[in-house]
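Counting the sequence shown from 1 gives a position; my numbering is that position plus 668.
Think of the CB as a built atom: it goes at the ideal place given N, C-alpha and C, for glycine as much as any other residue.
Fair warning: this is a prediction, and the values are worked out from it, not measured in the lab.
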Amino acid sequence: LRRRGRFRIVLSGGTTPRTIYRSLREGETDWTGWHVYFGDERCLPAGDPGRNDHMAREAWLDHVPVPGAQIHSIPAERGSEAGARAYGELLDAVDVFDLVLLGLGEDGHTASLFPGHPPGAEPEAPAVLAVHDAPKPPPERISLSARRLSASRRVWFLVSGAGKADALAAWQRGDDIPARYVCPPAGVDIYTDIHR
């Protein structure tokens, strides 16, 4: 923030980051320099409690003075195709993120990049993907592609819960799970409470 005058962060959904978001309320920083983005979103109406942006606002963003115009929610209420196009256009103005926070699902998914669905890792992949037939409800989602999630100075995976031990082991073995396609230049950091 001091060096660039802004801090661009991509937030994860799910239950794991909620505690971290709550602790950020106490952070001493120049919140006016923060720009908040989201790694994925469920195609639900704006304000729906099932949305990732709703959880982040409730746990953190509604309690700190980040300017509202700098909280960039995915317009998933428009549907997966239209919302993905609109968010992709927004991200055209963002060269690189400073920090991307991601989780890891029991099936190896991250953001809304699921096994059996293209992760968007190719150089020509769009920045934002419309996700259809997701194996978790709701089936329609929007996700940043693996290529776009990799365009970050730092990527932190937050992995919590014994149920994710097999997915973490599969990733460490190099198995073909979506999380392995997030490959920023500096590598990824994994923060976990799983001990093997």
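(message) I'd like the list of long-range same chain contacts for A795, defined as Cβ closer than 7 Å, with 5 residues on each side in sequence excluded.
(response) Position 127 of the sequence shown holds residue 795. Residues of the same chain with a CB within less than 7 Å of the CB of A795, apart from the 5 flanking positions on each side, are G756, L759, L812, S813, R816 in chain order.
(message) So, does the region 826 to 843 touch the region 762 to 782, judging by three or more C-beta pairs under 8 Å?
(response) Under the Cβ criterion (8 Å, minimum of three pairs), the region 826 to 843 counts as touching the region 762 to 782.
(request) Specify, as a first and last residue, the run of the alpha helix (DSSP H) that Y689 falls within. (result) Mapped onto the sequence shown, residue 689 falls at position 21. Its alpha helix (DSSP H) spans residues 686 to 692.
(request) Look at A744 and I810 and say whether their C-beta atoms are less than 9 Å apart. (result) Within the sequence shown, the letter at position 76 stands for residue 744. Within the sequence shown, the letter at position 142 stands for residue 810. Result yes, Cβ atoms of A744 and I810 sit closer than 9 Å.
(request) Give the secondary structure of R719 by DSSP, where H, G and I count as helix, E and B as strand, and everything else as coil. (result) What you label residue 719 is simply residue 51 of the sequence shown in a count that begins at 1. In the three-state DSSP reduction, R719 falls in the coil class, being neither helix nor strand.
(request) Give me whichever residues DSSP pairs with D857 in a beta bridge. (result) Numbered from its first residue, the sequence shown carries residue 857 at position 189. Beta-bridge analysis with DSSP links D857 to W824.
(message) Please report the straight-line C-alpha distance between A819 and Y849, rounded to a whole angstrom.
(response) The count along the sequence shown starts at 1 and reaches residue 819 at position 151. The count along the sequence shown starts at 1 and reaches residue 849 at position 181. So the alpha carbons of these two residues sit roughly 12 Å apart.
(request) Report yes if the C-beta distance between P783 and P803 is below 9 Å; otherwise report no. (result) As a first step, residue 783 is located in the sequence shown; it is residue number 115 there, counting from the start. As a first step, residue 803 is located in the sequence shown; it is residue number 135 there, counting from the start. Taking 9 Å as the cut-off, the beta carbon of P783 is found closer than this to the beta carbon of P803.
(message) For A705, report the span of its beta strand (DSSP E) as first-last.
(response) Working through the sequence shown from its first residue, we reach residue 705 at position 37. The sequence shown places Tyr at residue 705, rather than the Ala named in the question. For Y705, the enclosing beta strand (DSSP E) begins and ends at 702 to 706.
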